[in-house]
Every structure is written in structure tokens, then in C-alpha cells.
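This report concerns only the one structure given below.
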Amino acid sequence: MNSDYSRYIMDNIFDFFQYPENYDRAIINAALGKMECAGKNLLFNGVKVKPDFQCTDENMLGFFLANLPLMFNERGNREYKLPPKLEKLKTDTEELISMQKFNELATLELYLLLEMAMRCAYSKWLGNKIVISRYGMDNIVLENYDYRRLKLYIRLNHLGRTDIKVNGDIFPGSENALLGWATKFMDRPTQLMFRLSLNVRNLLAHGENEWYLFPVLPSVPLAANAAGKLLYEIKPGMEIKNNGYKMAHTGNGRNTKRPTFYHGINKH
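Counting in UniProt numbering, the sequence shown runs from 1 upward without gaps.
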């Protein structure tokens, strides 16, 4: 890509990015190196992804921010089954993008798919039995709660969100905390995709859009694949580690072991 476009995109990203890591610039630079304008076509990795595209700083930035799954995620050979509500969101997003009229809304829906995947992953991790604990408080036992209902229960019962544990792990009561929880199960490019996409989604949801966005259909299955892979990695009762995870005792009379992961990279 033209170096002027690359600098413009990079400068604008780190002007608003709330969750950056030291390695992000290298990953973004690698993605920008795959983008190219040829005539009125925008190419990514040598494949035409946007015809009749005017190459300007603003348009290149808008394409990049609306297609973060395309920028950072590879589909791989495995197909992952999504829960019905994520599958519906995927279909709705594809229909919106196909209309080519509501690009901001389509981008919002695309990144909502990733946010909902994190919530679904945490709900799956909870399993059927939930134990809420806090120093100086008797344990509370709940059954069949998902992330949304558990968060509401904690709030309505004034239990606090920063000093309680759920099934032995600190409860991720904010979006930032849930993001930190979920990215432990991802490689670095996928972590960046989730962090940056949720930042863009939050800005769009609050009417802070400053870009001309151009989402394209290939981004949708890549986002769905990342969502499905996250859900696949999570098992009920999994013990969470700061540097990865392993299976904890599930309460069914046996321990199920899986390879330990470090920063999303399998080290078995």
C-alpha cells in the first residue's frame, strides 16, 4: 500500500484506540501491506474486494475499520457451528451489507457478532451451577444463569463487580474485563481484531462515527469463524489462568484435561 495511506490509517487508529498492545503496530502494518488500489478496484491479498472504489485517505481508513475480520483473521480449514442467535446475527449482517445502503449499521452488526460471541463464551464457561464468592460473605449458589442474567443479579443484589469471584475466577463485569477474559484464548492477530472492532462498535453505538465505512461480505464469515473458534475453545468449568487455561474439576466426578494454552498459542 501507498506509504501515505498507511501512515494516515495508523495515525487515525491510535488516535482513538482504547485497548492497544505493544505488538499491534506490527500486525497492522502487515495487514496494510496486503491492501492495494488498482485503478478503481481495491485489492486485498491480490483479490478484488471492492469495485468502483475511490482511493482516498478517508476511504482507505473506512474500508480498513469496517473489515477488521478480513484484515486480521484467517478462516482456516475448520467450520464452527454457531448458536442460533449468532447465526441469525450473521445472516442479518450479510443482508445489510448486500443492500449497500446502511454501512454504519452493517459494521455495527458485524462487530456485535464478536461482542455477543464473548458473552456466549462466558455463559458456556459458567456451566449449569454457579458459585458466587466474596471475602466475608457466604457463598451464593445459582443454577442455569447466563452472562447477562448473572451480571444483572450481581447488580440488583449490590454484590459489587470488582471484588467477587464466580466459580473461582474474578467476575468480568465490564466490557473491558470480559474482553480481557476472552482474549486469553486467542492468538495475537485475533486479539487485536476483537479489541479494535469492539472499540469501533462502541463509537458507532454512541454516534461517534467519523468515517465513511465500506464493509464487504467476505468479512462476515471470517468474523463468524472467529466467534465459533472462541466458543469451541471454551469448556464448562475450565480453570482460567493468567497465561492461559486448563480444565478444572467439573463436578461430575472426573477431571477432563486439555492442553495448556499460553496467550492463545497451543504449547502441547
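By construction, the Cβ of each residue, glycine as well, lies at the ideal position given by its N, Cα and C atoms.
Since the model is a prediction, treat every value here as computed from it, not as a measurement.
| query | result |
| --- | --- |
| If you count every other CB in all the chains shown that lies within 10 Å of the CB of E21, and 16 or more means buried, which is it? | exposed |
| What's the gap between the Cα of A106 and the Cα of M99? | 9 Å |
| Should the region 65 to 83 be regarded as contacting the region 211 to 225, the criterion being three or more beta carbon pairs within less than 8 Å? | yes |
| Taking V200 and L65 to be in contact with their CB atoms under 8 Å, please state how far apart those CB atoms are, rounded to whole angstroms. | 5 Å |
| If contacts are defined as beta-carbon pairs under 8 Å, then A205 and A117 qualify, I think. What distance do you get, rounded to the angstrom? | 17 Å between Cβ atoms; not a contact. |
| Note down, in chain order, each residue of its chain lying with its Cβ closer than 6 Å to the Cβ of I234, except the 5 sequence neighbours on either side. | A121, K124, W125 |
| Closest to L68 by CA distance: which of L217, L196, G207 is it? | L196 |
| Using CA atoms only, rank isn't needed, just tell me which of G127, L152, G136, Y135 is closest to E143. | G127 |
| Report the three-state DSSP secondary structure of S219 (helix, strand or coil). | helix |
| Quick one, which of K101, R119, L96 has its alpha-carbon nearest L110's? | L96 |
| Quick one: what's C37 bridged to in DSSP? | L42 |
| Start and end of the beta strand (DSSP E) containing residue 271? | The question about residue 271 has no answer here: the residues shown for the chain are numbered 1 through 268. |
| Going by C-alpha to C-alpha distance, which of I132, D138, F63 sits closest to Y145? | I132 |
| Helix, strand or coil for G244, going by three-state DSSP, please let me know. | With a pLDDT of only 48 at G244, under the threshold of 50, the placement of this residue in the model should not be trusted; the figure read from the coordinates follows. Strand at G244. |
| Checking the sheet assignment: what are the DSSP bridge partners for R134? | M137 |
| Please tell me whether D52 and Y5 are closer than 8 Å, where the distance is taken between their beta carbons. | no |
| Just to confirm before moving on: does the CB-CB distance between F17 and N103 stay below 8 Å? | no |
| Is the beta carbon of L230 less than 8 Å from the beta carbon of A182? | yes |
| In chain order, what are the residue ranges of uninterrupted alpha helix (DSSP H) at least 4 long that sit wholly in the region 84 to 117? | 84 to 99 |
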